[in-house]
Amino acid sequence: MTINERLKAIREEMKSHGIAAYIVPSQDPHQSEYPATRWKSRIWLSGFTGSAGTVVVTQEEAHVWTDGRYFLQAEEELSNSSFELKKQSVAFAPEHIEWLAEHLNAGDCVGVDGTLFALSEYEQLQALLGEKGITVNADYDLIDKVWKDRPALPKEKIFVHDEQFSGASATEKLNRIRQAYQKRGAQATLLTTLDGIAWTLNIRGRDVAFNPVAVCWLMVEEEQAVLFMEEEKADEATVNYLAQHGVVLKSYDALEGYLTQLSISKIMIDPDKLGVSFVNQLPATCEVIKAMSPEILMKAVKNEAELSNMHKTMAKDGAALTRFHKWLETQLPSDSLTEFDLVQKLAAYRSQEEHYFGESFDAIVGFKGNGAIIHYSPTKAGSKTINGDGMLLIDCGGQYLEGTTDITRMYYLGEPTEEEKRNYTLVLKGHIALDTIRFPKGTNGMHLDILARQFLWKEHMNYGHGTGHGIGAFMNVHEGPVYVRPHTAPIPLEPGMIISNEPGFYKAGEHGIRIENLIVVAEKETTAYGTFYGFEMLTVFPIETKLIDKRLLTAEEIAWLNNYHELVYERISPLLEEEEKAWLKEKCQAI
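Here you go:
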């Protein structure tokens, strides 16, 4: 079926059910950023492949809402279909609901698949549309009716993540979760996110791209925990491991029936993570206590073992990148080397490192104008040849048993213009400003976002993405609940939380600039004015100095860069051969 044929089939189903509009989100029932292929419904229906977006279909119109990271990509991918791009002014804002309220009539019905819509999202949808007399029905999985060759549930084997990497046992984590829901007066909680369950039980899998997780649910009760997962995914040794920690297995689809038969009086659920259809399965006698799922904050604050392993991960990743960039310099400029070739070469160099598991996301390798497409991912057929003067943006990351990496660096072929150097240096100044800030306990990421943008703002420039996101330890490369961005939940930064520092600037059709390191929150000092936190560096790899306009840097900023490069050489060089050390030393020279 073509995109337009799929759209036609959905509209026929809508008509048969009396639905005026149908919403298809990006997430799966676990609210995952990277869903298993079975739940890539929005991609299947619209053809837009970005990681964030919402489809709305009526009988007359079909739209895709997405944010500034994907405007250029979406325009290109939707150009040959009946879908139209709707540009979100604020990422993740419910602008599609406002559109529905304006374009539907009182008495119309909006259909959704309630397994995909978290309770809070569904209630917001009901409230906003209800003001206009529009109803919402969560009983419609229309995609399942028209996607005839829809993929089955993934059945990849899970494996145990050793405590030398995790730093705590599954029993310890389960008991912490029990204490958390008991404080709320509940007798159980349902964990729904794949990374939350993987972290809690110290298991990992290969069910989705990039994130080392398995598709499952976890009910944590007083005397046991029940893991709902396709049973063939766990071998005998893994079943025995789970049993040692009081975990029993049931099939993935058994969850709904299990919920209907719960005999407890109170259950704690996360309204932002559990689909409304599952909440509706609970007995009327079971009171629902709404709260953030307890493992989310626990997971965000890394323990000593996780932080130690992350430092090891960053050093080995830096060594792999050193070998890659040294090779790259020998190849460029090239009449044949493409952006896609570099993606493959990056993975090949990383794969030589011990405990490598895979890439942590689709590498973004954008030359010249492609670098301005914020989440551009080159394909074999359509990627650009790396030849001629221009900026090359490389944003990539790896998964290792010890940890997860995410780094962006710039490379320049030829000689940069004064404008390019100015833009790059403004981004670097913002990067340094965030890295060096001291902030009082209780500060959240929204408070800090302006630090990275201030120098661009002075020049009436900006970038259309957040400045930082949380990151997991051999886990999701984008990990909530902490972000550095203008609009985010006011969750305070705490020691042990790892975030990215990645300001950027993008000039459509010409170049994209981003400089990204991972940093960890650490306590710095306690004064008469309270406890102050700051950041410590995790990522170690040279920052391109060819693009710097030194006249725009202060003495303190120059010192920061030189000190950073000393740290880079100190941590990476022991892992390198002599020729590689010499290359790295040159890249780490003081400016």
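Going by this note's numbering, the sequence shown opens with residue 596, and the numbers climb by one from there.
For every residue, glycine included, the Cβ atom is placed at its ideal position computed from N, Cα and C.
All values reported here derive from a predicted model rather than from experimental measurement.
Span of the alpha helix (DSSP H) holding residue i?
| i | result |
| --- | --- |
| PHE1050 | 1040-1053 |
| ASN599 | 598-612 |
| GLU1165 | 1150-1167 |
| TYR1006 | Here TYR1006 belongs to no alpha helix (DSSP H); instead the beta strand (DSSP E) covers 1002-1008. |
So the beta strand (DSSP E) residue i belongs to, where does it begin and stop?
| i | result |
| --- | --- |
| ILE618 | 616-619 |
| ALA1117 | 1112-1122 |
| LEU785 | 783-786 |
| LEU988 | 985-991 |
| TYR951 | 951-954 |
When DSSP labels each residue in this structure, what does residue i get in the three-state scheme?
| i | result |
| --- | --- |
| ASN770 | helix |
| HIS906 | helix |
| GLN721 | helix |
| ILE891 | helix |
| PHE754 | strand |
| LEU941 | helix |
| GLN683 | coil |
| ARG745 | coil |
| LEU822 | strand |
| TYR971 | coil |
| ILE1027 | helix |
| GLU816 | strand |
| ILE798 | strand |
| SER715 | helix |
| VAL1079 | strand |
| ASN732 | strand |
| ALA1084 | coil |
| PHE962 | strand |
| LYS845 | strand |
| PHE760 | helix |
| ILE738 | helix |
| GLU883 | The displayed chain sequence assigns Val, not Glu, to residue 883. Three-state DSSP puts VAL883 in a strand. |
| HIS658 | strand |
How about residue i and residue j: do their beta carbons lie closer than 8 Å?
| i | j | result |
| --- | --- | --- |
| LYS861 | ILE884 | yes |
| LEU1147 | ARG1017 | yes |
| GLY1063 | TYR1078 | yes |
| SER764 | ALA900 | no |
| VAL659 | LYS681 | yes |
| ILE981 | THR933 | yes |
| THR908 | GLY998 | yes |
| VAL1116 | LEU1133 | no |
| SER978 | PHE919 | no |
| ILE859 | CYS881 | yes |
| ILE1002 | PHE1136 | yes |
| GLU1013 | LEU1142 | no |
| SER636 | ASP867 | no |
| LEU1170 | ALA914 | yes |
| PRO1076 | TYR1128 | no |
| PHE1069 | PRO749 | no |
| TYR995 | TYR944 | no |
| ARG773 | GLU817 | yes |
| GLY1065 | GLU1074 | yes |
What residue from the options has the CA that sits closest to residue i's CA?
| i | options | result |
| --- | --- | --- |
| ASN898 | ILE1093, ALA967, THR632 | ILE1093 |
| GLY870 | ALA631, THR787, TYR1124 | THR787 |
| GLU1140 | THR908, GLU1152, PRO889 | The amino acid at residue 1140 is misidentified as Glu; the sequence shows Thr. Minimum Cα distance to THR1140 is reached at GLU1152. |
| PHE962 | THR1149, HIS1106, LEU1142 | HIS1106 |
| VAL842 | ALA1047, LEU748, PHE643, LEU769 | LEU769 |
| LEU667 | VAL741, ILE605, ASN965 | ASN965 |
| GLY1040 | GLU1054, THR1012, ILE1027, PRO1081 | PRO1081 |
| ALA733 | HIS612, GLU1111, ILE989, GLU825 | HIS612 |
| PHE824 | MET814, GLU726, LEU724 | Contrary to the premise, residue 824 reads as Met rather than Phe in this sequence. Ranking the options by Cα distance to MET824, first place goes to MET814. |
| LEU988 | ASN675, TYR995, ILE1138, LEU695 | ILE1138 |
| ARG664 | TRP694, LEU1113, LEU748, ILE968 | ILE968 |
| THR632 | PHE643, MET609, ARG745 | ARG745 |
| GLY953 | GLY992, MET986, ARG1166 | GLY992 |
| LEU789 | PHE956, GLU628, THR1121, ARG1004 | GLU628 |
| ILE729 | GLY1067, HIS698, THR1083 | HIS698 |
| MET609 | GLY642, ILE738, GLU693, LEU941 | ILE738 |
| GLY791 | ASN1057, GLY1009, SER903, LYS894 | LYS894 |
| LEU941 | ASP930, LYS921, PRO928, SER931 | LYS921 |
| THR1149 | ARG1166, PHE1050, GLN1184, GLY648 | PHE1050 |
| ARG1004 | TYR1019, THR1121, GLU1010 | TYR1019 |
Shorter than 7 Å, the distance from the beta carbon of residue i to the closest heavy atom of the ligand NAP, or not?
| i | result |
| --- | --- |
| GLU679 | Absence of the ligand NAP is noted for the structure shown, with no ligands found whatsoever. |
Worksheet item: Are the segment 648-661 and the segment 609-618 in contact at 8 Å, needing three or more beta carbon pairs?
Response: Look at the beta carbons and you see the segment 648-661 touching the segment 609-618: at least three pairs across the two are nearer than 8 Å.
Item to complete: Report yes or no: do three or more beta-carbon pairs, one from the segment 711-721 and one from the segment 622-633, lie closer than 8 Å?
Response: Short answer: they touch.
Item to complete: Determine, using beta-carbon pairs with one atom in the segment 863-882 and one in the segment 966-975, whether at least three such pairs fall under 8 Å.
Response: The answer is no - the segment 966-975 does not touch the segment 863-882, with fewer than three Cβ pairs under 8 Å.
Worksheet item: Does the segment 1024-1041 touch the segment 1161-1174, meaning 3 or more C-beta pairs lie closer than 8 Å?
Response: Touching, no, given that fewer than three Cβ pairs across the two stretches are closer than 8 Å.
Worksheet item: Per the contact definition of three or more C-beta pairs closer than 8 Å, is the segment 1095-1110 in contact with the segment 1022-1030?
Response: Counting Cβ pairs under 8 Å, three or more are found: they touch.
Item to complete: Please confirm if the segment 778-786 is in contact with the segment 667-678, defined as three or more CB-CB distances below 8 Å between the two stretches.
Response: Verdict: no, contact absent.
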